[in-house]
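Notes follow the structure.
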Amino acid sequence: MNNDIEKVLYSKEDIKKTCQKLGQKIAKQYAGKKPLVIGVLKGAIVFMTDLIRNMDIYMDIDFIDVSSYGGGTKSSGNVKLVKDIDTDVKGRNVLFIEDIIDTGRTLKYLKNLLMDRGANSIHVCTLMDKPEGRLVDVKADYVGLKVPNEFVVGYGMDYKEEYRNLPYVGVLKPRVYSNLN
Ligand code: PRP
Ligand code: MN
Ligand code: MG
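Number 15 in full-length UniProt numbering belongs to position 15 of the sequence shown; there are no gaps in the numbering.
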């Protein structure tokens with residue numbers, strides 16, 4: 001285990017099962033609809049690659065990058081579009097893939113953006129949900145796992161761009177935040 005991790009909240013096996021369950025459920029509901037599956041960079045990439053391999057349907061994929069955390073643990077409240085999708089969403093059935101929903105600001109911004117562009121439907125699948133963190137009223141349609149009100153890293157999620165490649169989701173040791181070793 002990575003030496004900066006205090007505890008593992010969800011293991012590789014927990015996450016694998018969650019991806020299978022969610023993938024099969026979503027695939028059923030999107031069969032014949034050829035969804036546009038949009039990964040929200042960068043956090044969602046690890047989850048998205050596992051999830052879509054559990055969805056045996058026709059789909060398009062694309063990516064969008066927005067940022068509000070600037071590497072730290074607190075949302076700045078100001079969501080910025082960093083990289084747009086390449087696909088025209090008019091009339092499409094969009095499924096956003098997120099690693100985590102915390103304040104909900106990122107998701108709210110994304111839903112509004114694609115609604116304005118004329119998407120036919122917009123749904124959201126997130127691996128993790130932190131309901132206690134919510135500051136704006138937004139919900140995911142498919143939720144894998146719940147997390148307590150703690151800052152989590154791994155499986156795509158970062159602290160100052162680090163730890164995204166960990167195969168599990170965990171909590172950092174306090175010394176990592178205080179920069180002492
Ligand atoms: C994180 C996370 C979600 C968002 C959730 O992304 O991946 O996209 O914040 O937080 P919210 O509900 O409070 O808006 P971040 O902006 O850190 O970018 P990253 O995915 O590149 O790490
Ligand atoms: Mn993100
Ligand atoms: Mg981040």
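Each residue gets a CB set at the ideal place from its N, CA and C atoms; glycine is no exception.
Notebook entry, point to check: How would you label G23, buried or exposed, when you count the other beta carbons within 10 angstroms and need 16 or more for buried?
Noted result: Per the 10 Å Cβ criterion, buried.
Check: Using a Cβ-Cβ cut-off of 8 Å (strictly less than) and excluding sequence neighbours within five positions of A140, which residues of its own chain qualify?
Finding: Here the set comprises E98, I101, L107, V124, C125, T126, D129.
Notebook entry, point to check: So the beta strand (DSSP E) I38 belongs to, where does it begin and stop?
Noted result: Counting along the chain, the beta strand (DSSP E) containing I38 begins and ends at 36-41.
Check: Just to confirm, does Y177 get its C-beta within under 7 Å of one of the non-hydrogen atoms of ligand 3?
Finding: Checking the Cβ of Y177 against ligand 3 gives no.
Check: A44 to A31, Cα distance in whole Å?
Finding: When only Cα atoms are considered, A44 and A31 end up about 22 Å apart.
Next item on the list: Would you check whether ligand 2 has a heavy atom nearer than 7 Å to the C-beta of T87?
Entry: Incorrect: T87 has no Cβ contact closer than 7 Å to ligand 2.
Item checked: Proximal residues to K146 (C-beta, below 8 Å), its chain only, five neighbours per side dropped -> M128, D129, K130, P131, listed in sequence order.
Notebook entry, point to check: Between the beta-carbon of V176 and the beta-carbon of Y159, is there less than 8 Å?
Noted result: Against a cut-off of 8 Å, the Cβ pair of Y159 and V176 comes out as a contact.
Notebook entry, point to check: Helix, strand or coil for D129 per DSSP?
Noted result: Note: D129 maps to strand in three-state DSSP.
Margin query: Following a CB-centred definition, is V124 positioned closer than 7 Å to any heavy atom of ligand 2?
Written below: For V124, the shortest separation between its Cβ and any heavy atom of ligand 2 does not lie below 7 Å.
Next item on the list: Would you list the residues whose beta-carbon is nearer than 7 Å to any heavy atom of ligand 2, in the order they occur in the chain?
Entry: Around ligand 2, the residues selected by a Cβ distance under 7 Å to any of its heavy atoms are V40, L41, K42, G43, A44, E98, D99, T106, following chain order.
Margin query: To the nearest angstrom, how far is the alpha carbon of F151 from that of V171?
Written below: The alpha-carbon atoms of F151 and V171 are separated by roughly 6 Å.
Notebook entry, point to check: Taking C-alpha atoms, which residue in G91, Q20, P174, K83 lies nearest to R53?
Noted result: Measuring from the Cα of R53, the nearest candidate turns out to be Q20.
Check: Would a C-beta distance cut-off of 8 Å place L41 and K90 closer than the cut-off?
Finding: No.
Check: Can you find a heavy atom of ligand 1 that lies under 7 Å from the Cβ of T103?
Finding: Yes - ligand 1 has a heavy atom lying nearer than 7 Å to the Cβ of T103.
Next item on the list: With distances taken Cα to Cα, identify the nearest neighbour of D29 among D56, D65, G39.
Entry: Correcting the residue identity first, residue 29 is Gln in this sequence and not Asp. Scanning D56, D65, G39 for the CA closest to the CA of Q29 turns up D56.
Check: Apart from the five residues on each side of it in sequence, which residues of its chain come closer than 7 Å, Cβ to Cβ, to G133?
Finding: Short of 7 Å from the beta carbon of G133, and not among the five residues preceding or following it, lie these beta carbons of its own chain, in chain order: D102, T103, N149.
Note to self: Between D65 and ligand 4, is there a pair consisting of the residue's CB and a ligand heavy atom that are separated by less than 7 Å?
What the structure shows: Among the ligands present in this structure, namely ligand 1, ligand 2 and ligand 3, ligand 4 is not found.
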